[in-house]
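Okay, so here's the structure we're looking at.
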Amino acid sequence: MRTFVSALTLSIALVACSPDPDPDPDTPNAAQAPEVVQSVPEPDASAMPEQSRSPAASTPSPTPTTAPSPGKVLALEGLGDLRIGAALPRGGSWAERGAQIDGDCRTVSSPSYPGVYAIVTDGKVRRITIGERSDVKLVEGIGVGASERDVVRAFGGFRAEPHEYVAAPAKYLTAPNAAGGDPALRFEIGQDRKVSLIHVGTMPALGYVEGCA
26 MRTFVSALTL
36 SIALVACSPD
46 PDPDPDTPNA
56 AQAPEVVQSV
66 PEPDASAMPE
76 QSRSPAASTP
86 SPTPTTAPSP
96 GKVLALEGLG
106 DLRIGAALPR
116 GGSWAERGAQ
126 IDGDCRTVSS
136 PSYPGVYAIV
146 TDGKVRRITI
156 GERSDVKLVE
166 GIGVGASERD
176 VVRAFGGFRA
186 EPHEYVAAPA
196 KYLTAPNAAG
206 GDPALRFEIG
216 QDRKVSLIHV
226 GTMPALGYVE
236 GCA
């Protein structure tokens with residue numbers, strides 16, 4: 026019996042000390058096994074404290090649009106501090122420049138508004154005109170260089186008249202209420218069917234075709 030136990034003990038020891046059998050060449054070992062990367066679910070941003078949320082998780086604020094400068098918009102009331110029906114602003118940059126015709130009618134301009142001049146009679150501003158060198162526009166976005174189609178689309182019902190100096194299709198487009206005494210709009214359209222001049226003012230100055238005449 027003692028001999029059997031000793032033999033069994035020796036057999037177990039030999040098995041424990043024997044080398045592992047050669048691995049199956051088709052079975053990768055632990056060192057050769059590809060790494061498995063488990064995806065981690067994104068955290069619910071709505072469940073996180075507000076101060077812990079990343080900027081990407083929050084809704085971006087809309088970029089504010091830049092409002093046009095009031096000084097660059099021609100309205101029926103006037104342009105900047107130059108107002109239809111009012112005297113020239115005191116201490117402003119509007120003044121007579123260049124030759125003037127005899128009489129009460131005067132033209133004034135300002136270095137702050139290239140391409141713009143105003144007609145003054147009886148000490149009051151009667152008309153403001155924007156020309157080719159001006160970047161001033163109406164609140165509708167129409168300025169010198171806009172198409173006749175844009176004008177008609179924005180101001181339907183304007184009265185068309187032949188141009189005094191330029192052959193058709195050049196024309197004047199005048200607001201239907203121009204004779205009513207309130208400030209009104211008048212466009213000069215060139216042969217290219219584009220706006221060459223824009224006038225805002227009251228009659229008769231609104232209808233002058235050449236400065237104070």
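Residue numbers for the sequence shown follow our numbering, beginning at 26 and rising by one.
The C-beta atom is built at its ideal place from N, Cα and C for all residues, glycine as well.
All values derive from a computational prediction rather than experimental measurement.
Given S172, which residues of its chain have a CB within under 7 Å of its CB, disregarding the five upstream and five downstream residues? Excluding the 5 residues flanking it on each side, S172 has same chain C-beta neighbours closer than 7 Å at R218 and K219, in chain order.
Rounded C-alpha distance that separates P179 from L222: The question names Pro, yet the displayed sequence has Ala at residue 179. Cα-Cα distance, rounded: 16 Å.
Would you check if the region 121-141 and the region 177-192 touch, i.e. whether three or more CB-CB distances between them fall below 8 Å? Contact between the region 177-192 and the region 121-141 is absent: fewer than 3 CB-CB pairs across the two stretches fall below 8 Å.
Are G110 and K149 touching if we call contact CB-CB under 8 Å? Yes, Cβ-Cβ distance for G110 and K149 is below 8 Å.
Beta-carbon proximity check, V225 vs R152, cutoff 8 Å: The answer is yes: Cβ separation under 8 Å.
Go ahead and label E213 buried or exposed: buried means 16 or more other beta carbons lie within 10 angstroms of its beta carbon, across all protein chains shown. When all chains shown are included, E213 counts as buried.
What does the alpha-carbon distance come out to for the pair A195 and P187? Each residue's Cα considered, the two are about 7 Å apart.
How far does the alpha helix (DSSP H) with E173 in it reach, from first residue to last? Run containing E173: E173 to A179, per the alpha helix (DSSP H) assignment.
Return the Cβ separation of C237 and T154 in integer angstroms, given the expectation that the two are a contact with Cβ distance under 8 Å. Taking a contact as a CB-CB distance under 8 Å, the pair C237 and T154 does not count as one, their CB atoms being some 11 Å apart.
Which residue wins for smallest C-alpha separation from M228, given the options P208, D160 and E235? Of the candidates P208, D160 and E235, the residue whose Cα lies closest to the Cα of M228 is P208.
Between V145 and chain D, is there a C-beta pair that is closer than 8 Å? No chain D appears in the structure shown, which is made up of a single protein chain.
Can you tell me whether G103 is buried or exposed, with buried defined as 16 or more other CB within 10 angstroms of its CB? Buried: at least 16 other Cβ atoms inside 10 Å.
Tell me the DSSP bridge mates of L222? In the DSSP secondary-structure assignment, L222 is bridged to E213.
Determine the extent of the beta strand (DSSP E) in which T227 is found, giving its start and end residues. No beta strand (DSSP E) holds T227; DSSP gives it neither H nor E.
For V161, count the other beta carbons within 10 Å of its own beta carbon; 16 or more makes it buried, fewer makes it exposed. Which is it? Label assigned to V161: buried.
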